[in-house]
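Q: Each residue of the sequence shown is one higher than the one before, counting from 89 in this note's numbering.
Attaching a single structure in structure tokens format; questions to follow.
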Amino acid sequence: MEKLTPVLALATLISAFGSSFQYGYNVAVINSPAPFMQEFYNETYTDRYDEPMGDNLLTLLWSVSVSMYPLGGFFGSLMVAPLVNKLGRKGTLLFNNIFSIVPAIMMGVSEIAKSYEIIIVARFIVGICAGLSSNVVPMYLGELAPKNLRGAIGIVPQLFITIGILAAQVMGIRNILGNNTGWTIMLGLTGIPAVIELVFLPFFPESPRYMLIQKGDEKNSRKALQRLRGWDDVDAEVEEMHLEDQSERAEGRLSVVSLLSQRSLRWQLISIIIMNMGQQLSGVNAIYYYADSIYGSAGVNEKDVQYVTVGTGAVNVFMTIAAVFIVESSGRRLLLLLGFGICCGACVLLTVALHFQENVSWMPYISIACVIIYVIGHAIGPSPIPNVVTTEMFRQSARPAAFMVGGSVHWISNFAVGLIFPFMEVGLGAYSFIIFSVICLVTLIYIWMVLPETKNKTFLEVSQMFAKRNKTEIKVGDGDLPLKDSKESLDNSERSTAF
Ligand SMILES: *[C@@H]1O[C@H](CO)[C@@H](O)[C@H](O)[C@H]1NC(C)=O
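Dropping the structure here:
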């Protein structure tokens, strides 16, 4: 049994803190200082043009500032494949820090420079950083970890994303940095994990698998493995990598275009797209980006909003840890159905509660309960499970392409919500949540009708479950189907992105 060596543990912590943590931090960071930042937008505009900014322009600029982040994430996820092959996994993570440190400085000086454009551009760049991190950290860690630790280590990035969100919420407390003078520092803080990663990660090994398979450098690959495992005899593992290399070469890698045209994978692909859309369009980031204004309109006392927000973030961290334990026993399908069901119900109830809050004194408490229940629902299913299922529905050779499709849909949907929600909120008020509940319901129905349970299933079995719908026949021994690796590789690349 291989154990967690200090080298492996530290490499995991440093890369998860330097990259995944930042991803979560930037999701939530502009939530609590929003009023001060908007005031700054307005003041800057007034200084320049001698008239106050109109309401519509402010809403527009603000939603652009919010949604540049997922847009950057989309471009980042497109850059993953070329970068990881050229610079390596660790190399990409180090290089990626440019996309964090530069915008951190930009956001830090935006107020002095009297320019909100700087913030908007910086949000885009830091989004690229997130799009890269969300794919590269799980890939790097998956390749460092010995097989028996891959599952546990694979969850660490997801956990650090939720911790990053929580950290941003804590920093956003009015007495800490969520105030008139602190918000630029708060935005700039994202550069610190990047600097820490840049200083310490070079002391840790590059992925041995990358060095052996992509670079053909067996000597250094061996050295890296010896450091990671804490013993000298790594022949068996090196041999295993050689074998994996050969079988992968024989099987070939599926490009996105050939994945799209594979009939035997069509409904698996549709399922990935629907799940990722459902995950984002269910409004989870609307909840995070706009949590404060939701609590505000829910009638929570302005001073207490910040603590409720921090509490929500803590619940999210806690439920992510819990999901790790539940997912293996309950299966994926049940958690997805349960999660989307809870989110749907919470949105309906939230709408009702917001509608009646003027007249009924205890309604605001119901609203807050709804938000918390929603966060719980999302953390047990819709957040973590789609990536797990993606891993399980596609074999090794199709997986990178499947993740790229899933990742792009994830970031585009995230972008759409960030851009549209502020307008929805203005136009529909409390009724915006009805739209989210409908999306949850539609996703739930799709999962119920189409998605099979993939827990402990081999790739072949999953293909057979989809065969009728795909109108293909699955023959055992068909060259198209790898029969051996499916089970163990289930656990290794999962859970790369959060919500
Ligand atoms: C901008 O500031 C001015 C002056 O303080 C204020 O009257 C106006 O309502 C503000 N505009 C927006 C869109 O908040």
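A virtual CB, placed ideally from N, CA and C, is assigned to each residue, including glycine.
(1) Cα-Cα, which of 503, 426, 522, 420 is closest to residue 443?
(2) What is the rounded straight-line gap between the Cα of residue 117 and the Cα of residue 384?
(3) Three or more C-beta pairs closer than 8 Å, one from the stretch 419-439 and one from the stretch 511-529: is that the case here?
(4) With a Cβ-Cβ cutoff of 8 Å, do residue 485 and residue 300 count as a contact?
(5) What I want to know is whether the C-beta of residue 121 ends up closer than 7 Å to one or more non-hydrogen atoms of ligand 1.
(6) Given residue 232, which residues of its chain have a CB within under 7 Å of its CB, disregarding the five upstream and five downstream residues?
(7) Quick one: is the Cβ of residue 135 within less than 7 Å of any heavy atom of ligand 1?
(8) With H, G and I counted as helix, E and B as strand and the rest as coil, what does DSSP make of residue 166?
(9) Have a look at residue 200 and residue 273 and give me their C-alpha separation to the nearest angstrom.
(10) Pick helix, strand or coil for residue 566, following the three-state DSSP scheme.
(11) Would you check if the stretch 350-368 and the stretch 474-484 touch, i.e. whether three or more CB-CB distances between them fall below 8 Å?
(12) Please work out which residues of its chain come closer than 8 Å, Cβ to Cβ, to residue 104, disregarding the five sequence neighbours upstream and downstream, and give them in chain order.
(13) Buried or exposed: residue 519, going by 16 or more other Cβ atoms within 10 Å of its Cβ?
(14) Beta carbon of residue 344, beta carbon of residue 448: below 8 Å?
(15) Given a cut-off of 8 Å, decide if residue 398 and residue 261 are closer than it, judged by their beta-carbon atoms.
(16) At a cut of 8 Å, does the stretch 307-321 reach the stretch 211-226 through at least three beta carbon pairs?
(17) Can you tell me which of the three DSSP states residue 543 falls into?
(18) Report the rounded CA-to-CA distance for residue 535 versus residue 359, giving the unit in angstroms.
(19) Closest to residue 193 by C-alpha separation, out of 209, 179, 530, would be which residue?
(20) Under 6 Å Cβ to Cβ from residue 371, same chain only, skipping five residues before and after it: list those, please.
(21) Buried or exposed for residue 515, please, with buried defined as at least 16 other CB atoms from any protein chain shown within 10 angstroms of its CB.
(22) Looking at the secondary structure, which residues open and close the alpha helix (DSSP H) in which residue 208 lies?
(23) Mind checking whether the beta-carbon of residue 125 lies closer than 7 Å to any heavy atom of ligand 1?
(24) Give the straight-line distance between the Cα atoms of residue 286 and residue 205, rounded to the nearest whole angstrom.
(25) Can you tell me which of the three DSSP states residue 156 falls into?
(26) Roughly how many whole angstroms lie between the Cα atoms of residue 401 and residue 318?
A: Well, looking at it:
(1) Checked all of 503, 426, 522, 420; the closest Cα to residue 443 is 522.
(2) Those two C-alpha atoms are separated by around 18 Å.
(3) Touching, yes.
(4) Not closer than 8 Å, so no.
(5) It does not: the Cβ of residue 121 is nowhere closer than 7 Å to a heavy atom of ligand 1.
(6) In the same chain as residue 232, and ignoring 5 residues on each side of it, the C-beta atoms closer than 7 Å to its own belong to 96, 99, 295, 316, in chain order.
(7) No, the beta carbon of residue 135 sits no closer than 7 Å to any heavy atom of ligand 1.
(8) Three-state DSSP puts residue 166 in a helix.
(9) Across the structure, residue 200 and residue 273 are spaced so that their CA atoms are roughly 12 Å apart.
(10) In this prediction, residue 566 scores a pLDDT of 45, lower than 50, which makes its location untrustworthy; no coordinate-derived value is stated.
(11) As far as the Cβ criterion goes, the stretch 474-484 touches the stretch 350-368, which means the pair count is three or higher.
(12) Taking residue 104 as the centre and dropping the five residues before and after it, the same chain places the C-beta of 225, 229, 244, 245, 247, 248 closer than 8 Å to its C-beta, in chain order.
(13) Residue environment analysis places residue 519 among the exposed positions, since fewer than 16 neighbouring C-beta atoms fall within 10 angstroms of its C-beta.
(14) Their beta carbons are not under 8 Å apart, which means residue 344 does not touch residue 448 by this criterion.
(15) The answer is yes: Cβ separation under 8 Å.
(16) These segments do not touch.
(17) Here DSSP, grouped into helix, strand and coil, assigns residue 543 to coil.
(18) So the alpha carbons of these two residues sit roughly 8 Å apart.
(19) Of the candidates 209, 179, 530, the one whose C-alpha sits nearest the C-alpha of residue 193 is 209.
(20) So the list reads 524, once near-sequence residues are dropped.
(21) Residue 515 sits exposed, since fewer than 16 C-beta atoms from the chains shown fall within 10 Å of its C-beta.
(22) Per DSSP, residue 208 is one residue of the alpha helix (DSSP H) stretching across 204-232.
(23) Outside the cutoff, so no.
(24) Taking the CA atoms as reference points, residue 286 sits about 27 Å from residue 205.
(25) Looking at residue 156 - three-state DSSP - the assignment turns out to be helix.
(26) The straight-line gap from Cα to Cα measures roughly 37 Å.
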